[in-house]
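Peer 1: Sharing a structure below in C-alpha cells format, with a few things to ask.
There are 2 protein chains.
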Amino acid sequence: MSPRQMTRPGGRSARVQESVHAAVRALEAEQGRAALTVPLVAARAGVTPSTIYRRWGDLQELLSDVAVERLRPEAPPADHGALRTDLETWAEQFLEEMASPPGRAYLRDALAGDPDGSHAGQCSAYAAEQVDVILARAADRGEQVPDADIVMDHIVAPMIYRLVFRPGPMDASYARGLVEATLSGLMPPR
Amino acid sequence: MSPRQMTRPGGRSARVQESVHAAVRALEAEQGRAALTVPLVAARAGVTPSTIYRRWGDLQELLSDVAVERLRPEAPPADHGALRTDLETWAEQFLEEMASPPGRAYLRDALAGDPDGSHAGQCSAYAAEQVDVILARAADRGEQVPDADIVMDHIVAPMIYRLVFRPGPMDASYARGLVEATLSGLMPPR
C-alpha cells in the first residue's frame, strides 16, 4: 500500500474512507462517471476536498482505490471436494467477473490511478488469497497440489494479460483449458 | 489503434508525430518528467498546443504513445538454430528489458494514458510478432512448434503479469523456467 493508505483500521480514518467510497459509488450510479469531481464527492461524503486530496492525491487515485475495493472477493471459493473442480469453478467465475463490463472498468481504473503499483498489487493479492484457500483445502484432503506461483503464472496471469493487453473474447472453456494445462502439464508427475 | 492515430503513414501527420515524440524525449532527458507540459512540448516541436490536444487528447496519452514507440523491438529475435534456445534467449532479453527501470516506466506510461486499450494492444502485438518469427523459423527447420497463443499465455503473460501486478525480482532463470514449462509441459507429445 502507498504511505497515504497505511492507516490504522477502524477509527476516523476508516470512517472517512467508507463515506468517501460510498459517495463515489452513489454519485457514479446517479450521475455517471463523467460527472464526478473531488468537490462533488467531498460534499456528498461530508468531508472537505482537502481531506480527499491529502489522502488520495487526485480523483484518478481515488477511483482506483474504489475500484480495488470492488474487486475484493466477497466469499471464499466454493468447495467441491476436488482440486481440479475447485480450480475450474474458481477460474471460470474469476474470468466471468473480470471480463464483464464492470470488471474491465474496475481493472482499468485500478491500473490508471496507481502511481506506485500498490493497487495492482492488491488486485493480485486478492486472487492469490483465493488460490491459497483452494490449494490448502486440497492439500488437507491429501491431494497433490501445484505451487501457488504456478497457478498465478499459468492460470491467473494469462487471463488478466489477455484482458489488459489482448482484446478478444474469452469463455469458460478458455479458463478450463488453463486449469487443464496447469494440472496436467506443469505439475511434477506423481 | 484509436481513431486519432489512424493516419496515413508519411506526410505531414508522420512528421508531426516524429517531431512531437522527439520533443518529449529531449525535454524528458534535459529537464525530467515532472517538467513536461503540453505547451512546452509544442514549443519544442514547433507545433501549436492545439495540434497536440487534437491528436493525443492530453499529456498522459501523448506520454503513453511515446512509451509504446520505445517498446517497439529494434531487430528480429536472434536465430540460434533451435526453438528452445531461440525462445530462451528472447524471453531472457524481453524480461531484462521490460524489468529494467526504463522498461517498467514505459510499461506504466503505456497503460496509464490508454483509455481504449489500443496502446496495451500494440505492446502485446510487438511481443507476438517476435514470437511468430521464432516459431516460423523453427517450423521451417522441421521442428515441432507450440501454438503462438500458448507462448503468449505461458511465457509472455506471466512475465508481464508479474511486472504489472506482483512486485518482486525476476531473473533469467525465471524466464528459462517458463520456456521449459511451456515446451515440456504444454506442447502435445511428439
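Top to bottom, those sequences are chains A and B. Residues in the first sequence are numbered from 1 upward in steps of one, following full-length UniProt numbering. Residues in the second sequence are numbered from 1 upward in steps of one, following full-length UniProt numbering. For glycine and all other residues, C-beta sits at the position ideal for the given N, C-alpha and C. In this text, all values refer to a predicted model and were calculated from it rather than measured experimentally.
#1: Based on Cα-Cα distance, which residue from B:GLN31, B:LEU62, B:ARG33, B:ILE150 lies nearest to B:GLU18?
#2: Suppose contacts are defined by Cβ-Cβ distances below 8 Å. Is B:ILE134 in contact with B:LEU95 by that definition?
#3: In chain order, what are the residue ranges of uninterrupted alpha helix (DSSP H) at least 4 long that sit wholly in the region 22-87 of chain A?
#4: Compute the Euclidean distance between the alpha carbons of B:ARG44 and B:GLU69, then round it to the nearest angstrom.
#5: Using a Cβ cut-off of 8 Å (strictly closer), state whether A:ARG33 contacts chain B.
#6: Using a threshold of 8 Å, state whether the C-beta atoms of A:TYR161 and B:TYR161 are closer than that.
#7: Can you tell me where the alpha helix (DSSP H) holding A:GLY117 begins and where it ends?
#8: Of the residues A:HIS154, A:GLY177, A:GLY57, which one's Cα is nearest the Cα of B:LEU178?
#9: Check the Cβ-Cβ distances between A:TYR161 and every residue of chain D, and say whether any is below 8 Å.
#10: When burial is assigned at 16 or more other CB atoms within 10 Å of the CB, is A:ASP140 buried or exposed?
#11: Since A:SER64 and A:ASP109 should fall inside the 8 Å C-beta cutoff, what is the C-beta to C-beta distance between them, to a whole number of angstroms?
#12: According to DSSP, is B:SER124 helix, strand or coil?
#13: Would A:ARG166 count as contacting chain B if we go by Cβ distances under 8 Å?
#14: At least one CB of chain B closer than 8 Å to the CB of A:ALA157: is that the case?
#15: With DSSP as the reference, label A:VAL133 as helix, strand or coil.
Peer 2: Let's see:
#1: Stepping through the second sequence from its first residue, residue 18 of chain B is reached at position 18. Ranking B:GLN31, B:LEU62, B:ARG33, B:ILE150 by Cα distance to B:GLU18 puts B:LEU62 first.
#2: The residue you call residue 134 of chain B lines up with position 134 of the second sequence. The residue you call residue 95 of chain B lines up with position 95 of the second sequence. No, Cβ-Cβ distance for B:ILE134 and B:LEU95 is not below 8 Å.
#3: Runs of the alpha helix (DSSP H) inside the region 22-87 of chain A: 38-45, 49-56, 59-70.
#4: For the purposes of this step, residue 44 of chain B is identified with residue 44 of the second sequence, where counting begins at 1. For the purposes of this step, residue 69 of chain B is identified with residue 69 of the second sequence, where counting begins at 1. So the alpha carbons of these two residues sit roughly 19 Å apart.
#5: Locating residue 33 of chain A in the first sequence gives position 33, counting from the first residue. No, A:ARG33 lies away from the interface with chain B (no Cβ there is under 8 Å from its Cβ).
#6: Here residue 161 of chain A corresponds to residue number 161 of the first sequence, with the count starting at 1. Here residue 161 of chain B corresponds to residue number 161 of the second sequence, with the count starting at 1. Contact: yes.
#7: By one-based count along the first sequence, residue 117 of chain A stands at place 117. A:GLY117 -> no alpha helix (DSSP H), and no H or E assigned at all.
#8: Numbered from 1 along the second sequence, position 178 holds the residue referred to as residue 178 of chain B. Cα-wise, what sits closest to B:LEU178 is A:HIS154.
#9: The question asks about chain D, but that chain is absent: this structure's protein chains are A and B.
#10: Indexing the first sequence from 1 puts residue 140 of chain A at position 140. With fewer than 16 Cβ atoms within 10 Å of its Cβ, A:ASP140 is classed as exposed.
#11: One-based indexing of the first sequence puts residue 64 of chain A at position 64. One-based indexing of the first sequence puts residue 109 of chain A at position 109. So it is a contact: roughly 5 Å between Cβ atoms.
#12: Here residue 124 of chain B is taken as the residue at index 124 of the second sequence, counted from 1. Three-state result, B:SER124: helix.
#13: Numbered from 1 along the first sequence, position 166 holds the residue referred to as residue 166 of chain A. Yes, A:ARG166 lies at the interface with chain B (some Cβ there is under 8 Å from its Cβ).
#14: The residue labelled residue 157 of chain A in the question sits at position 157 within the first sequence. For A:ALA157, the answer is yes, since a Cβ of chain B falls inside 8 Å of its Cβ.
#15: Start at 1 with the first residue of the first sequence, and residue 133 of chain A comes out as number 133. Helix at A:VAL133.
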